[in-house]
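Enquirer:
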Amino acid sequence: VFRRVADASNGYSSKVFTSSAPFEQNLVEGAESEKLTDDAAVKAAVIKSIREDSTTMIVGQFSAIDKAGAQDGYDISVAAYRDAILQFDEAVGEIMAALESRPTYKEENWLGFIASNKGGAFEIPDEENDNTIFSNPKANTFLVYYSPKYRSRFIAKPYLGNRYQGSFLRFQGNLHGELTGENNDVYNLGG
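Using the working numbering, read the sequence shown as starting at 610 and increasing by one per residue.
So this is what it looks like as structure tokens:
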């Protein structure tokens, strides 16, 4: 994406601040990037860049929430995980305050977004498990967009129909069914 921003027009530029070596090594081609020690350093670099630069795109990649979840559990009831989320929330507030304090902010056309790159291991209660991708905690991610020009709207998990009720066979692993020669027309729907 950074290469596309650079190629889109002369003068467009991107800066990436990250505390993740794999992110910095693999996902920042086309941007000026800086690998920093931790999320506090990332926040400080993003704020400094917002205040001083005319950069087209500024990315801050934060790692503390995932580190806390991987170590202690991806559950808001775990103090370290909850505290990491709250610290990130404070960082977002400070970053937005820095953005809005730019002298030319009202003439600029900013889009801010927060995206998680993956979910984490978390046990879904049976009554909340609808057996779709939305009940796979490792794929459970979110995306938040912000612009003063946008109206706020929450888009919830879509309803995908009735969940099967009662007792039924659940396949575990890579299983499949196979029709033999004598019954191979059973599922032929005329197509």
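Don't be surprised by glycine CBs; every beta carbon is placed ideally from N, CA and C.
Pull up the distance between the alpha-carbon of GLY620 and that of VAL614, whole angstroms please.
Expert: Roughly 10 angstroms between the two C-alpha positions.
Enquirer: Run through the DSSP bridge pairs and tell me what LEU752 is partnered with.
Expert: Per DSSP, ALA724.
Enquirer: In whole angstroms, what is the alpha-carbon distance linking GLU703 and GLU736?
Expert: C-alpha separation (whole angstroms): 38 angstroms.
Enquirer: What is the residue span of the beta strand (DSSP E) that GLU643 lies within?
Expert: First-last of the beta strand (DSSP E) with GLU643: 641 to 644.
Enquirer: How about ASP662 and LYS624: do their beta carbons lie closer than 9 angstroms?
Expert: Contact: yes.
Enquirer: Of the residues TYR755, ILE723, ILE742, which one's Cα is nearest the Cα of GLU709?
Expert: Comparing Cα-Cα distances from GLU709 to each of TYR755, ILE723, ILE742, the minimum goes to TYR755.
Enquirer: Please list, in chain order, all residues of the same chain as PHE731 whose beta carbon is under 7 angstroms from its beta carbon, the five residues on each side excluded.
Expert: For PHE731, where only same-chain residues beyond five positions count, the Cβ hits under 7 angstroms are TYR683, ASP684, PRO746.
Enquirer: Span of the alpha helix (DSSP H) holding SER658?
Expert: Segment 648 to 661, the alpha helix (DSSP H) holding SER658.
Enquirer: Please name the residue in GLN680, LYS676, SER628, ILE674 whose C-alpha comes closest to that of VAL655.
Expert: That would be SER628, whose Cα lies nearest to the Cα of VAL655.
Enquirer: Need the endpoints of the alpha helix (DSSP H) that ILE667 sits in, please.
Expert: Segment 666 to 670 is the beta strand (DSSP E) holding ILE667; no alpha helix (DSSP H) there.
Enquirer: Mapping the DSSP letters down to three states, classify LYS676 as helix, strand or coil.
Expert: In this structure, LYS676 counts as helix in the three-state DSSP scheme.
Enquirer: Comparing C-alpha positions only, which one of THR665, PHE611, ASP616 sits nearest to ASN718?
Expert: For ASN718, the nearest C-alpha among the options comes from THR665.
Enquirer: So, under 8 angstroms CB-CB, LYS644 and ALA700 are touching, yes? Tell me the CB distance rounded to an integer number of Å.
Expert: Contact flag wrong, Cβ pair sits at about 18 angstroms.
Enquirer: With the cut-off set at 9 angstroms, would you say ILE674 and PHE697 are in Cβ contact?
Expert: Yes. Within cutoff.
Enquirer: Decide if TYR690 is buried, meaning its Cβ has at least 16 other Cβ atoms within 10 Å, or exposed.
Expert: By the 10 Å Cβ count, TYR690 comes out buried.
Enquirer: Within this structure, are the beta carbons of PHE804 and ALA724 separated by less than 9 angstroms?
Expert: This structure leaves residue 804 out entirely; the chain is present only between 610 and 800.
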